[in-house]
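Heads up: the sequence lines are chains W and B, in that order.
18 is the number that the working numbering gives to position 18 of the first sequence; each next residue is one higher, with no gaps.
48 is the number that the working numbering gives to position 48 of the second sequence; each next residue is one higher, with no gaps.
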Amino acid sequence: MKKPPLFEEHVATIEALPERPESPAAPRRMTLNMGPQHPSTHGVLRIVLELEGETIVKAEPDIGFLHTGIEKECEQKNWQQAVTLTDRVDYLANLSNNLCYALAVEKLLQLEIPPRAQWMRVMMTEFSRLNSHLVWLGTHALDIGAMTVFFYCFREREDILRILEMFSGQRMMTSYIRIGGLALEPPRGWQQAVGKFIRAFPSKVDEYEELLDSNPIWKRRTQGVGFISLEDMLDLGVTGPMVRAAGVPMDLRKNEPYSSYDKFDFNIATRTENDVYARYRVRLQEMRESAKIIAQALEGMPEGPYQADAPHVVLPDREKMKTQMEALIYHFKIVTEGFRVPAGEVFQCIESPRGEIGYYVVSDGTSKPYRVHMRTPSFGNLQGLPNMLEGILIADSIAALGSMDFVLGDTDR
Amino acid sequence: MNHPAILETTEAFGETTLIAEPSQIVDLCRYLKDSEKFIRLSAVTAVDWHPALMKDGARFEVVYHLHSIERNRRLRLKCRLSGNDPEIESVTSVWRGANWYEREVYDMFGIRFRNHPNLVRILMPVDWEGYPLRKDYPVHGYKYGYGNE
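The structure is reproduced here in structure tokens:
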């Protein structure tokens, strides 16, 4: 075919141009700042990404934007007051944090907690696990582009918050689990409220599963994305559903049972694919198991007191306080000075929705904690983030980030 | 457990605590990880005993919480450091996860970790002065005082 003259002219001009310098062997790197105000990080996480084209070659998380000095603050409060600070660590798993702190201090005090309080604690922490997983599922799906699930999840979450409010008078910062037992006696009619929720809930989980699993976009965006090797995870301190999605049945509820978890029948959800989809399946299964635990707690809730028999720790009954001299003295001592905890140190670990929470509590024998260190799951998990992000596409980073389920308050404390 | 760096072993509340010689910490940690199967480092933290100090005059305790999944056991390892210019070898060569925890201890207590890959502040701003979790650090910080109001 004969080329039009115009074209030949064009080629000639190009050939006449001076030679361009050779392009560098490696494509140009770009640094992209993600956060600290980014909708998909669900908090104030800043990640400095180095990109080659659309591939992340280096990711560096920058944390600390939400540091509120909770550990320092704990040293200023008395033992019981510090419970309210543990709520604020992780706004989605506040009851797990309450429980962990209470268990640690009770170990130091060598208190025996009555079975009713133990079972109630199990039930409440499972509610907070459901709450946390529901928020995770809703927002994670929203990040990836499935909007409907968000509304469904928050509908059920609202029911849970209503139940928490019914028990403690607060929706989120409940401080329901106190040193020595529970803050309040379970309200009248709690069985009906919990029963109504727990009968309906399993079918709701099926609903989310159907909504997401029948969606090919969801599967494409989650399957095979966000791999991080098991060795890296264990070495870097990643815990919780992340590790269970890689096939390790590490769940402290089973491995180191606390608060009579050994009396409940439930399974550890594990998968082996170790990707975003597997983590979603693990959390979905955990919601079903939590519902099972709550149903068992409702069924076999023991009768008895909801606080330990320890007058030097637990505030006396209002009625007793007005009629008995000792009760009045104890009330005065606890309110004005707080109780003293014998000197010593403990490290108590429990399984939060995100992984291993550990409270290292040191007492010097006074009425204030000498040192409280919180080993929070989000802090450990975020350390594995660079390993997960490096080498994947920037569009996948949102899905990978979300699958980690971190809470920045939990990270920065 | 038998290692020359272990100075003392105590049991309390069903938890084992080892007190170790700070100069041999990396060697001990490697032994605990390889021979005693403590493959996880759960956390690293510190305690400040100012102004009372400990019996031997040490001010800081660096605390390592180890976890063995295989043996389902936990172990606490403590090293005592003096108050002026506290320094200890970093264990990041044994568990990479020690990285952020040691940075946090440095940030909050001012304990330096030798051979740490990136020893900068992690929670506080990089230009922050003082170490907030030390006992002689006021709760409201140095910048904002309420003393004169």
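Ideal Cβ positions, reconstructed from N, Cα and C, are used throughout, including at glycine.
Chain B contact for residue i (CB, 8 Å cutoff)
i: methionine 250(W); result: yes
i: glutamine 383(W); result: yes
i: arginine 375(W); result: yes
i: glutamine 170(W); result: no
i: arginine 244(W); result: no
i: arginine 253(W); result: no
i: glutamine 76(W); result: yes
i: arginine 354(W); result: no
i: glutamate 71(W); result: yes
i: arginine 371(W); result: yes
i: phenylalanine 347(W); result: yes
i: tyrosine 152(W); result: no
i: aspartate 396(W); result: no
i: glycine 380(W); result: yes
i: aspartate 262(W); result: no
Coil, strand or helix - residue i by DSSP
i: arginine 76(B); result: strand
i: alanine 293(W); result: One point to set straight first is that residue 293(W) is isoleucine, not alanine, in the sequence displayed. Three-state result, isoleucine 293(W): helix.
i: isoleucine 63(W); result: coil
i: aspartate 48(B); result: strand
i: serine 352(W); result: strand
i: asparagine 33(W); result: strand
i: methionine 124(B); result: coil
i: leucine 81(B); result: strand
i: valine 248(W); result: coil
i: lysine 58(W); result: strand
i: serine 367(W); result: coil
i: arginine 129(W); result: helix
i: valine 335(W); result: helix
i: leucine 66(B); result: strand
i: glutamate 73(W); result: helix
i: arginine 30(B); result: helix
Span separating the alpha-carbon of residue i from that of residue j
i: leucine 415(W); j: isoleucine 394(W); result: Lying before the first or after the last residue shown, residue 415(W) is absent from chain W, which here runs from 1 to 413.
i: aspartate 213(W); j: valine 282(W); result: 14 Å
i: glutamine 76(W); j: proline 369(W); result: 8 Å
i: glycine 304(W); j: proline 114(W); result: 7 Å
i: glutamate 70(B); j: lysine 37(B); result: 7 Å
i: tyrosine 64(B); j: alanine 146(W); result: 42 Å
i: glycine 110(B); j: proline 216(W); result: 52 Å
i: glutamine 192(W); j: glutamate 185(W); result: 16 Å
i: tryptophan 119(W); j: arginine 253(W); result: 13 Å
i: arginine 402(W); j: alanine 343(W); result: The amino acid at residue 402(W) is misidentified as arginine; the sequence shows glycine. Their Cα atoms are separated by approximately 41 Å.
i: glutamate 73(W); j: arginine 28(W); result: 47 Å
i: lysine 135(B); j: alanine 46(B); result: 12 Å
i: arginine 116(W); j: aspartate 317(W); result: 18 Å
i: alanine 269(W); j: methionine 321(W); result: 48 Å
i: tyrosine 106(B); j: proline 61(W); result: 18 Å
i: isoleucine 39(B); j: aspartate 235(W); result: 7 Å
i: glutamate 8(B); j: threonine 239(W); result: 30 Å
i: asparagine 99(B); j: glutamine 170(W); result: 38 Å
i: glutamate 256(W); j: glutamate 210(W); result: 34 Å
i: alanine 5(B); j: isoleucine 25(B); result: 7 Å
Neighbour flag for residue i against chain W, beta carbons, 8 Å
i: threonine 45(B); result: yes
i: isoleucine 39(B); result: yes
i: serine 90(B); result: no
i: isoleucine 69(B); result: yes
i: glycine 97(B); result: yes
i: histidine 217(B); result: For residue 217(B) there is no data in the structure shown, the boundaries of chain B being 1 and 149.
i: asparagine 2(B); result: no
i: valine 139(B); result: yes
i: valine 63(B); result: yes
i: asparagine 72(B); result: yes
i: arginine 76(B); result: yes
Heavy atom of the ligand HEM within 7 Å of residue i beta-carbon
i: leucine 252(W); result: The model on display carries no ligand, and the ligand HEM is accordingly not part of it.
Chain-ordered chain A contacts of residue i [CB-CB under 8 Å]
i: leucine 234(W); result: This model lacks chain A altogether, as its protein chains are W and B.
- Query: Taking three-plus beta-carbon pairs below 8 Å as touching, is the region 345-360 of chain W in contact with the region 124-138 of chain W?
  - Reply: yes
- Residues of the region 7-28 of chain B whose Cβ lies closer than 7 Å to any Cβ of chain W, in chain order: Ala12, Phe13 and Glu15
- Query: In chain order, what residues of the region 323-344 of chain W put their CB closer than 9 Å to some CB of chain B?
  - Reply: Gly344
- Query: Taking a cut of 7 Å between CB atoms, which residues from the region 114-133 of chain B lie near chain W?
  - Reply: Ile122, Leu123, Met124, Pro132 and Leu133
- Message: Output needed in chain order: residues of the region 100-133 of chain W with a Cβ under 7 Å from some Cβ in chain B.
- Response: Lys107
- Item | Segment contact flag, the region 129-138 of chain W with the region 91-102 of chain W, C-beta cutoff 8 Å, min 3 pairs | yes
- chain B contacts from the region 46-67 of chain W (Cβ-Cβ distance under 7 Å): Ile63, Gly64 and His67
- Contact between the region 4-15 of chain B and the region 145-163 of chain W (3+ Cβ pairs under 8 Å): no
- Message: Whether or not the region 14-30 of chain B and the region 71-79 of chain B are in contact is what I'm after, with contact meaning three or more pairs of Cβ atoms, one per stretch, closer than 8 Å; do they touch?
- Response: yes
- Query: Between the region 148-156 of chain W and the region 198-212 of chain W, are three or more C-beta pairs nearer than 8 Å?
  - Reply: yes
- Item | Segment contact, 8 Å Cβ cut-off, at least three pairs: the region 84-104 of chain B with the region 114-126 of chain B | yes
- Message: Using a Cβ distance threshold of 8 Å, determine whether the region 79-87 of chain W contacts the region 224-239 of chain W, with at least three qualifying pairs required.
- Response: no
- Name, going along the chain, the residues of the region 270-302 of chain W whose beta-carbon falls closer than 7 Å to a beta-carbon of chain B. none
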